[in-house]
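Counting in full-length UniProt numbering, the sequence shown runs from 1 upward without gaps.
Ideal Cβ positions, reconstructed from N, Cα and C, are used throughout, including at glycine.
Worksheet: one structure, shown below.
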Amino acid sequence: MQFYSRRKKLIGNAQTEQLYGHCLQFYGQPPIENISLSEFETFAVDRLKLLKTVENLGVSYVKTSDQYTKKLDAEFSNLNFPYKIEADDRKPQTGPSEYEKRRKDHISHFILRLAYCQTEDLRRWFIQQEIDLFRYRFNDLGSKNIREFLQYNNLHYHTISIDEKRNLMDKLINSSFAVSGSTVDCQDFYKVPFQDALDLVRTRKVYLKGGYVYIPHQDIVTIVLNDFRTRLSKALALTARSLPAVQSDERLQPLLNHLSHAYVGQDYSIQKSIGKISLEQIDPLSAKSYPLCMRQLHRGLRDSHHLRHGGRMQYGLFLKGIGLTLDQALQFWRSEFVKGKVDADKFDKAYAYSIRHMFGKEGKRTDYTPYSCMKVILSNPPSQGDQHGCPFRHSDPELLKQKLQSYKVSPSGISQILELVKGMHYQLACQKYFELMHSIEDSGFSLNHPNQYFMESQKLLGGPGAGVKVEVKREDNPATKPPNPSPHQTPGPGNLPQEVAAEITEDLDSFFQDA
Numbered sequence: 001m002q003f004y005s006r007r008k009k010l011i012g013n014a015q016t017e018q019l020y021g022h023c024l025q026f027y028g029q030p031p032i033e034n035i036s037l038s039e040f041e042t043f044a045v046d047r048l049k050l051l052k053t054v055e056n057l058g059v060s061y062v063k064t065s066d067q068y069t070k071k072l073d074a075e076f077s078n079l080n081f082p083y084k085i086e087a088d089d090r091k092p093q094t095g096p097s098e099y100e101k102r103r104k105d106h107i108s109h110f111i112l113r114l115a116y117c118q119t120e121d122l123r124r125w126f127i128q129q130e131i132d133l134f135r136y137r138f139n140d141l142g143s144k145n146i147r148e149f150l151q152y153n154n155l156h157y158h159t160i161s162i163d164e165k166r167n168l169m170d171k172l173i174n175s176s177f178a179v180s181g182s183t184v185d186c187q188d189f190y191k192v193p194f195q196d197a198l199d200l201v202r203t204r205k206v207y208l209k210g211g212y213v214y215i216p217h218q219d220i221v222t223i224v225l226n227d228f229r230t231r232l233s234k235a236l237a238l239t240a241r242s243l244p245a246v247q248s249d250e251r252l253q254p255l256l257n258h259l260s261h262a263y264v265g266q267d268y269s270i271q272k273s274i275g276k277i278s279l280e281q282i283d284p285l286s287a288k289s290y291p292l293c294m295r296q297l298h299r300g301l302r303d304s305h306h307l308r309h310g311g312r313m314q315y316g317l318f319l320k321g322i323g324l325t326l327d328q329a330l331q332f333w334r335s336e337f338v339k340g341k342v343d344a345d346k347f348d349k350a351y352a353y354s355i356r357h358m359f360g361k362e363g364k365r366t367d368y369t370p371y372s373c374m375k376v377i378l379s380n381p382p383s384q385g386d387q388h389g390c391p392f393r394h395s396d397p398e399l400l401k402q403k404l405q406s407y408k409v410s411p412s413g414i415s416q417i418l419e420l421v422k423g424m425h426y427q428l429a430c431q432k433y434f435e436l437m438h439s440i441e442d443s444g445f446s447l448n449h450p451n452q453y454f455m456e457s458q459k460l461l462g463g464p465g466a467g468v469k470v471e472v473k474r475e476d477n478p479a480t481k482p483p484n485p486s487p488h489q490t491p492g493p494g495n496l497p498q499e500v501a502a503e504i505t506e507d508l509d510s511f512f513q514d515a
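Structure representation (structure tokens):
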């Protein structure tokens with residue numbers, strides 16, 4: 001792919017039309033056109049949102065359930081990805097055309113390949129989500145569309161004739177799960193070489209005869225998924241070898257580096273409740289509305305009257321996000337540190353600067369954003385003596401169990417959390433912790449940010465400072481606050497001066513910044 005600052009008009013040539021000839025594909029051919037950096041960013045973020053939704057729904061619901069399908073349908077529609085064949089072409093079309101949706105699906109997949117080929121963990125995550133996404137879309141296809149897909153991708157799996165099906169009816173009923181005499185006639189069976197269906201043969205789910213297996217319509221997805229997994233795994237390995245050449249492009253390097261742990265939710269640096277949290281409220285709020293990571297940091301600060309740099313950054317930005325002003329933050333940290341081994345003079349010299357810097361009042365005056373869950377989980381793991389990080393990711397399971405017990409979490413709830421942790425679903429474990437601490441069955445949201453946890457908790461409990469006297473709101477001087485760069489104001493990357501190219505890089509970095 002090449003990237004230009006101007007938007008490219010859609011091409012309708014035969015080669016491009018052939019590339020998007022079906023609503024579902026194996027992504028065998030890379031994109032063949034030029035796109036703008038703006039479009040590159042948008043496509044990447046939208047597909048990342050889609051894969052995050054697939055991951056969350058896959059753990060929260062049975063993957064074939066109506067709830068799973070309904071919620072994923074809504075996400076496909078919102079993000080303008082292809083997911084259903086239009087039943088009636090006479091209906092007026094609104095929004096992007098089917099061609100534009102397929103183009104976005106194709107290009108966005110290859111963008112995320114670049115971001116998620118860098119480590120084994122990233123490749124494993126990407127493959128799993130793409131396979132779940134592919135399964136959902138494949139299962140939504142009708143018999144005719146499946147045959148077209150198999151033919152389009154040179155998968156020579158043919159349906160058997162009606163006469164052959166009748167001759168083998170008893171064998172098919174006895175060997176195939178969920179197939180009865182009344183359903184054999186109304187569904188397709190595929191004749192496939194047995195070496196392509198070893199999983200089904202091993203579990204004895206299909207009829208085997210003469211080196212071929214006879215696979216019912218609902219099980220052909222297993223064969224196709226195995227093929228897709230193999231192709232995608234090989235493609236990611238090849239992409240990883242070529243990555244240094246791509247990363248040498250200064251326009252793309254910051255974007256690709258951030259995509260693998262990018263936060264794509266609400267911006268919690270915009271403090272809608274600034275000044276509405278009093279310092280006296282912090283202790284009770286930590287027990288009621290803090291996620292476990294922040295509760296751990298707060299407890300550690302109260303016990304030792306000190307936090308190392310990683311803990312101060314993680315907790316300080318969280319406090320900023322829930323509404324503490326700069327003056328309140330300085331007072332909070334000073335009052336706690338002077339209880340330990342730091343006197344007021346040393347605090348002002350060694351620590352106050354970093355707090356003002358956190359609020360964008362020192363240094364390059366960057367208005368730092370509270371850490372997202374992905375940032376906490378993937379970057380700067382805690383070492384001995386540190387309090388920061390994600391307890392679900394970085395704590396020993398036995399220590400995590402003891403901590404949950406001390407917070408009165410029920411034994412069954414602890415078991416559910418530890419099971420999610422074992423499956424490396426750390427954000428979902430935190431979401432389960434939220435539901436247990438607030439005595440609700442379904443939180444109704446996908447947890448991606450510690451400040452989101454706090455806000456959702458306060459919604460359930462009546463809002464920040466409910467029943468407590470609210471302090472007078474004090475605004476920071478807007479004249480000292482630098483404007484936030486817009487991610488969509490991306491200059492053209494042609495032969496630009498060095499300072500202009502640096503601005504592009506900074507814009508891309510800001511777009512995916514979660515620190």
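What does DSSP give as the partner residues of Leu208 in its beta bridges?
-> Val213
Query raised in the report: Can you tell me whether DSSP reads Phe126 as helix, strand or coil?
Result: helix
Between Asp199 and the rest of its own chain, which residues show a CB-CB distance below 8 Å, the 5 nearest in sequence each way excluded? Thr222 and Asn226
Checklist entry - Roughly how many angstroms separate the alpha carbons of Asp196 and Pro391, rounded to a whole number? => result 43 Å
* Asked: Measuring CA to CA, which of Ser175, Thr325 and Gly389 is closest to Met313?
  -> Gly389
His109: which of Arg202, Gln118, Ala44 and Gly321 sits nearest, CA to CA?
-> Ala44
**Asked** Relative to the alpha-carbon of Lys288, which residue among Thr64, Ala74, Leu461 and Ser65 has its alpha-carbon at the smallest distance?
**Response** Leu461
Would you kindly check if the distance between the Cβ of Phe149 and the Cβ of His22 is under 9 Å?
yes
Residue range of the alpha helix (DSSP H) that includes Pro411:
Pro411 to Lys422
| task | Drop a sphere of 10 angstroms on the beta-carbon of Leu399, count the other beta-carbons inside from all chains shown, and report buried for 16 or more, exposed for fewer. | result | exposed
Exercise for review: Can you give me the Cβ contacts of Lys401 inside the same chain, cut-off strictly under 7 Å, excluding the 5 residues immediately before and after it?
Suggested key: Ile414 and Leu418
- Task: Express the C-alpha separation of Lys422 and Arg334 in angstroms, rounding to a whole number.
- Result: 39 Å
If you follow the beta strand (DSSP E) that Val192 is in, where does it begin and where does it stop? Phe189 to Pro193
Hey, could you find the ends of the alpha helix (DSSP H) Asp345 is sitting in? Ala344 to Ala350
Once the 5 residues before and after Ala240 are set aside, which same chain residues still bring their CB inside 6 Å of it? Cys117
>> Given this structure, state the Cα-to-Cα distance separating Glu39 from Glu75, to the nearest angstrom.
In response: 19 Å
Next item on the list: Have a look at Leu428 and Ser446 and give me their C-alpha separation to the nearest angstrom.
Entry: 8 Å
Per-residue DSSP class, three states only, for Ile440 = coil
Item to check | Pair within 9 Å by beta-carbon distance, Phe134 and Val224 | outcome: yes
Counted within 10 angstroms of its Cβ, other Cβ atoms place Thr64 as buried (16 or more) or exposed = exposed
Report task. Give a yes or no on contact between the region 328-347 and the region 304-312, applying the rule of three or more CB pairs nearer than 8 Å. Result -> yes
Cβ-Cβ distance between His438 and Val59 below 9 Å: no
Among Arg202, Ser161 and Val201, which has the Cα closest to the Cα of Gln187? Ser161
**OP:** For Tyr433, count neighbouring Cβ atoms within 10 angstroms of its own Cβ and tell me buried if that reaches 16, exposed if not.
**Re:** buried
Point to revise | Rounded separation between Gln458 and Glu441 - CA only | key: 17 Å
Query raised in the report: How long is the line joining the alpha carbons of Ser77 and Arg356, rounded to whole angstroms?
Result: 43 Å
ask   = How about Arg202 and Ser175: are their beta carbons less than 9 Å apart?
value = no
Check: When you compare only the Cα positions, how much space is there between Leu72 and Met358?
Finding: 38 Å
| Within this structure, are the beta carbons of Ser395 and Asn448 separated by less than 9 Å? | no
Open item on the list: If distances are taken between C-alpha atoms only, which option among Lys49, Thr369, Lys364 and His306 comes closest to Pro339?
Closed with: Sequence inspection shows Lys at residue 339; the Pro mentioned does not correspond to that position. Of Lys49, Thr369, Lys364 and His306, the residue nearest in Cα terms is His306.
Under a Cβ-count criterion, where at least 16 other Cβ atoms within 10 Å of its own Cβ denotes burial, should Glu456 be classed as buried or exposed?
buried
Does DSSP put Thr69 in a helix, a strand or coil? helix
Would you mind sorting Gln129 into buried or exposed? The rule is 16 or more other CB atoms within 10 Å of its CB.
buried
- Item | Close Cβ partners of Pro193 (< 7 Å) along its chain, the five nearest in sequence each way excluded | Gly211 and Tyr212
From what residue to what residue does the alpha helix (DSSP H) around Arg241 run? Ile220 to Gln247
**Study point:** Cβ neighbour criterion (16 or more within 10 Å) applied to Ile377
**Key:** buried
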